[in-house]
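Student: There's a structure below that I have some questions on.
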Amino acid sequence: MLFAKNYATLRKKMVRDQIEARGIRSPQILTVMQKIERHLFVRPEYLNRAYQDGPLPINCQQTVSQPYIVALMTDLLNLTPASKVLEIGTGCGYQTAVLAELASTVYSIEILPALAKSAKTRLQRLNYQNIHFKEGNGHYGWQEHAPYDAVLVAAAPKVVPEQLVQQLSEGGRMVIPVGDSEQSLLLIQKKIPTEDGIKPAVETTEVTGVSFVPMVGSVN
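Per the numbering used here, residue 499 is the first one in the sequence shown, and the count goes up by one each step.
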């Protein structure tokens with residue numbers, strides 16, 4: 499069994515070799531990725547792989563994302579300590595914890611009851627007090643608390659859910675994997691309207707190819 503000192507060494511190496519070496523330069527993100535104990539979010543049989551360069555299975559046939567992808571998606575959101583974030587797909591709560599360290603408030607939705615319950619228990623045990631949890635269909639977002647400065651989607655729909663775009667604030671950013679057998683990570687930005695009152699345009703940028711589990715839940 500690995501001890502706390504070993505995990506800390508592995509986290510430092512993970513950040514240096516997997517994240518910083520691939521171009522993530524934000525000191526805040528690098529610090530948070532080194533702080534959060536990823537091994538607390540994985541299943542016991544994967545403890546020895548917690549800091550390796552790849553995704554890992556969690557319960558309910560879902561996965562926790564590769565550390566680099568977690569850092570990249572977070573970096574693309576341009577979070578500040580005042581940011582209000584909507585996360586679609588709480589999963590095991592690892593990405594949620596990263597967001598909660600960097601933003602003011604995180605609203606996280608998980609459609610699978612077992613994952614929702616275990617992630618909430620885990621994150622509350624770790625004393626995160628700025629996360630709000632909801633069990634439900636992420637395609638519809640969380641209108642009650644909209645608009646959001648940032649939206650992060652941790653599963654891949656076939657098309658971008660329009661209601662998530664609508665719940666972005668002016669100037670807000672969304673990072674989302676989209677596609678079926680082939681997926682692209684998209685950055686969607688809602689531009690601030692010009693002085694002539696024209697509605698803000700939505701700008702979409704393709705960042706990189708990715709492979710996420712499909713987004714669960716239908717859209718009426």
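No residue lacks a Cβ here, since even glycine has one placed at the ideal position from N, Cα and C. A quick note: this is a predicted structure, and the numbers were derived from the prediction, not measured.
What residue from A648, C558, P565 has the CA that sits closest to D551's CA?
Tutor: Taking the sequence shown and counting its residues from 1, one reaches residue 551 at position 53. Nearest C-alpha to D551: P565.
Student: Can you pull the DSSP bridge partners for K632?
Tutor: Counting from one through the sequence shown, the residue named residue 632 turns up at place 134. DSSP lists I607 as partners of K632.
Student: Enumerate in chain order the residues of its own chain whose CB-to-CB distance from P675 is below 6 Å, with the five nearest sequence positions on each side excluded.
Tutor: As a working mapping, residue 675 is identified with position 177 in the sequence shown. Once the five neighbours on either side are set aside, the close Cβ partners of P675 are A654, Q681, L683, V708, F710.
Student: Kindly indicate which three-state DSSP category P555 falls into: helix, strand or coil?
Tutor: In the sequence shown, residue 555 corresponds to position 57, counting from 1. If DSSP states are grouped into helix, strand and coil, P555 belongs with the strands.
Student: Rounded C-beta distance between A601 and V583? I'm assuming under 8 Å.
Tutor: Start at 1 with the first residue of the sequence shown, and residue 601 comes out as number 103. Start at 1 with the first residue of the sequence shown, and residue 583 comes out as number 85. Rounded, the Cβ-Cβ distance is 5 Å, consistent with contact.
Student: Could you compute how far the alpha carbon of K533 sits from the alpha carbon of Y544?
Tutor: Counting from one through the sequence shown, the residue named residue 533 turns up at place 35. Counting from one through the sequence shown, the residue named residue 544 turns up at place 46. Rounded to the nearest angstrom, the two C-alpha atoms are 19 Å apart.
Student: Would DSSP call L538 helix, strand or coil?
Tutor: One-based indexing of the sequence shown puts residue 538 at position 40. Helix.
Student: Which one of M672, H537, I527, Q627 has the shortest CA to CA distance from A506?
Tutor: Within the sequence shown, residue 506 is the residue found at index 8, counting from 1. Out of M672, H537, I527, Q627, H537 has the C-alpha closest to the C-alpha of A506.
Student: Look at the alpha carbon of G589 and the alpha carbon of T561, and state the distance between them as a whole number of angstroms.
Tutor: Looking up residue 589 in the sequence shown gives position 91. Looking up residue 561 in the sequence shown gives position 63. Looking at the two C-alpha atoms, the distance is approximately 7 Å.
Student: Between the alpha carbons of F539 and T706, how many angstroms are there, rounded?
Tutor: In the sequence shown, counting from the first residue as 1, residue 539 sits at position 41. In the sequence shown, counting from the first residue as 1, residue 706 sits at position 208. The alpha-carbon atoms of F539 and T706 are separated by roughly 26 Å.
Student: Could you tell me whether the region 630-641 touches the region 602-611, using the rule of 3 or more Cβ pairs below 8 Å?
Tutor: yes
Student: Does S616 come out as helix, strand or coil in the three-state DSSP assignment?
Tutor: The residue given as residue 616 occupies position 118 in the sequence shown. In this structure, S616 counts as helix in the three-state DSSP scheme.
Student: Would you tell me roughly how many angstroms separate the C-alpha atoms of R541 and K656, rounded to the nearest one?
Tutor: Mapped onto the sequence shown, residue 541 falls at position 43. Mapped onto the sequence shown, residue 656 falls at position 158. Looking at the two C-alpha atoms, the distance is approximately 29 Å.
Student: Are the beta-carbon atoms of Q622 and Y646 separated by less than 7 Å?
Tutor: What you label residue 622 is simply residue 124 of the sequence shown in a count that begins at 1. What you label residue 646 is simply residue 148 of the sequence shown in a count that begins at 1. For the 7 Å CB-CB criterion, Q622 and Y646 do not form a contact.
Student: Buried or exposed for R671, please, with buried defined as at least 16 other CB atoms from any protein chain shown within 10 angstroms of its CB.
Tutor: For this step, residue 671 is matched to residue 173 along the sequence shown. Buried, because 16 or more other Cβ atoms sit within 10 Å of the Cβ of R671.
Student: What residues are listed by DSSP as bridge partners for Q661?
Tutor: Against the sequence shown, residue 661 aligns to sequence position 163. None; Q661 has no bridge partner.
Student: Do T572 and V596 have their C-beta atoms closer together than 7 Å?
Tutor: Position 74 of the sequence shown, counting from 1, holds the residue named residue 572. Position 98 of the sequence shown, counting from 1, holds the residue named residue 596. With a cutoff of 7 Å on beta-carbon distance, T572 and V596 are scored as near each other.
Student: How long is the line joining the alpha carbons of G587 and V717, rounded to whole angstroms?
Tutor: Walking along the sequence shown from the start, residue 587 turns up at place 89. Walking along the sequence shown from the start, residue 717 turns up at place 219. Straight through space, the alpha carbons of V717 and G587 are spaced by roughly 16 Å.
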